[in-house]
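Report on the following structure.
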Amino acid sequence: MALTGGEIKLTRGHDGRVAYLTLDHGKYNIITWQTRQVMAERFAEIDADDKIQVVVIQGEGEQFSSGGDIAGFMEVDPIDFTDLGHNVTAPSRSPKVVVTAVDGYCFGVGFELALSSDIRLATSRSQFALPEMNLGMIPGSGGTQRLARLIGLSRAKYHVLTASRINAGDAKDWGLVADVLDDRAALDAAVEKLVAKLLGFSPLAARTAKEVLDRGVDGPLYTGIELERKAYAMLRSSHDFAEGVAAFNDKRAPKFQGR
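Under my numbering, the final residue of the sequence shown carries the number 1117; numbering is consecutive throughout.
In structure tokens:
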């Protein structure tokens, strides 16, 4: 099978509150069938760890990922594709805040992985694309749907149907990435600054905000507002909200506990 190989290294930082996932498979960090399953396994471990608040996904070396193992996919039985995308899009279902740091190529399933995260940062040399049309195929791990919701239907149709690349400047202008940094060193520094900020918030509030945003955006406005209102009411009774108010009144930094 050509679909084996590749690793997703899991390391921890900030006293175990941050999980770093690093794609590591050759020069272009090709994502194999096996790599997809490893991603699901990594997130199962992360999601079960209450101490982890933030996840950072990055690529080893000069490229984030050029996409999937194209030749190897021909060895997979078509029926196995019915669950395609559920494993590699684990970031979208995680209760943790997931940040993806993109440097270089971010194509195909690599792009779909990034799209399933919450916040994306990139370097100025980064390029994004869903090139499946070149193979007589379409994106199969959420690419069409997430891209359309992020940059609009018209732009998404153009880039999917023509397999055209999106440069970093346009990605920022269209809201695809939150910021563009000059190089990898600046990207890494920006990621750490963002992580430090995220760690200062209540894990419970962050988890709730992510869920309300994800669930509400796909429904009618009134439904989303009702979801937000009820989530707000739930948080009103939390320890973290009481601590946040007390810290504000005492003019000190809050000590959130995630409950």
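Each residue gets a CB set at the ideal place from its N, CA and C atoms; glycine is no exception.
Open item on the list: One question on the structure: do PHE986 and ALA1029 come within less than 9 Å of each other, judged by their Cβ atoms?
Closed with: The residue given as residue 986 occupies position 128 in the sequence shown. The residue given as residue 1029 occupies position 171 in the sequence shown. It is a contact, given that the beta carbons lie within the stated cut-off.
Task: Three-state secondary structure assigned by DSSP to LEU1079 - done: The count along the sequence shown starts at 1 and reaches residue 1079 at position 221. Looking at LEU1079 - three-state DSSP - the assignment turns out to be helix.
Task: Limits of the unbroken beta strand (DSSP E) element including THR880 - done: Along the sequence shown, read from residue 1 onward, the residue named residue 880 stands at position 22. Where THR880 is concerned, the enclosing beta strand (DSSP E) stretches over 876-882.
- [ ] Just the C-alpha distance for ALA1006 and ARG1023, rounded to the nearest angstrom, thanks.
- [x] Here residue 1006 refers to the residue found at position 148 of the sequence shown. Here residue 1023 refers to the residue found at position 165 of the sequence shown. Taking the straight line from one Cα to the other gives about 15 Å.
- [ ] Return yes when the Cβ of GLU920 is within less than 9 Å of the Cβ of GLY962, no when it is not.
- [x] Within the sequence shown, the letter at position 104 stands for residue 962. Within the sequence shown, the letter at position 62 stands for residue 920. In this structure, GLU920 lies closer than 9 Å to GLY962 by Cβ.
TODO: Indicate whether ILE866 and ASP882 have their beta-carbon atoms separated by less than 9 Å.
DONE: Your numbering for residue 866 matches position 8 in the sequence shown. Your numbering for residue 882 matches position 24 in the sequence shown. Yes, the pair counts as a contact, with Cβ atoms nearer than the cut-off.
Open item on the list: Spatial neighbours of ARG1073 within its chain, please: C-beta separation below 7 Å, excluding the five flanking residues on both sides.
Closed with: Looking up residue 1073 in the sequence shown gives position 215. Cβ within range, chain order: LEU1085.
- [ ] Tell me where the beta strand (DSSP E) around LEU963 begins and ends.
- [x] Taking the first residue of the sequence shown as 1, we reach residue 963 at position 105. The question names Leu, but residue 963 in the sequence shown is Tyr. That run of the beta strand (DSSP E) goes 963-965.
- [ ] Determine the extent of the beta strand (DSSP E) in which ILE915 is found, giving its start and end residues.
- [x] Position 57 of the sequence shown, counting from 1, holds the residue named residue 915. Per DSSP, ILE915 belongs to the beta strand (DSSP E) from 912-917.
Open item on the list: Suppose the cutoff is 7 Å on Cβ atoms and the five residues either side in sequence are ignored; what does the same chain contact list for ALA948 look like?
Closed with: Translated into positions along the sequence shown, residue 948 becomes position 90. Answer for ALA948: MET897, ALA898 and PHE901, listed in chain order.
- [ ] For the alpha helix (DSSP H) containing GLU865, list its first residue and its last residue.
- [x] Residue 865 sits at position 7 when you count from the first residue of the sequence shown. Per DSSP, GLU865 belongs to no alpha helix (DSSP H); it is in the beta strand (DSSP E), 865-871.
TODO: Take ASP1040 and list the residues in its own chain whose beta-carbon comes closer than 8 Å to its own, dropping the five residues that flank it on each side.
DONE: For the purposes of this step, residue 1040 is identified with residue 182 of the sequence shown, where counting begins at 1. Contacts found: THR981 and SER982.
Task: Inter-residue Cα distance where the pair is GLY994 and TYR1016 - done: If you number the sequence shown from 1, residue 994 lands on position 136. If you number the sequence shown from 1, residue 1016 lands on position 158. When rounded, the distance between both Cα atoms is 16 Å.
Open item on the list: Quick check on this structure: which residue in ILE1009, GLN1115, ILE888 and THR880 has the alpha carbon closest to the alpha carbon of VAL913?
Closed with: Taking the sequence shown and counting its residues from 1, one reaches residue 913 at position 55. Residue THR880 is the option with its Cα nearest to VAL913.
Task: Integer Cβ distance of ILE1009 from LEU971, believed to fall under 8 Å - done: The residue labelled residue 1009 in the question sits at position 151 within the sequence shown. The residue labelled residue 971 in the question sits at position 113 within the sequence shown. Not a contact, Cβ separation roughly 17 Å.
TODO: Compute the Euclidean distance between the alpha carbons of VAL1049 and MET1092, then round it to the nearest angstrom.
DONE: Within the sequence shown, the letter at position 191 stands for residue 1049. Within the sequence shown, the letter at position 234 stands for residue 1092. Roughly 31 Å separates the two Cα atoms.
Task: VAL958 - partner residues in DSSP beta bridges - done: As a first step, residue 958 must be located in the sequence shown, where it is residue number 100. Sequence inspection shows Thr at residue 958; the Val mentioned does not correspond to that position. Answer is ILE915 and ARG978.
Task: Counterpart residues of ASN850 in DSSP-defined beta bridges - done: This structure does not reach residue 850, given that the chain is present from 859 up to 1117, and the question cannot be answered.
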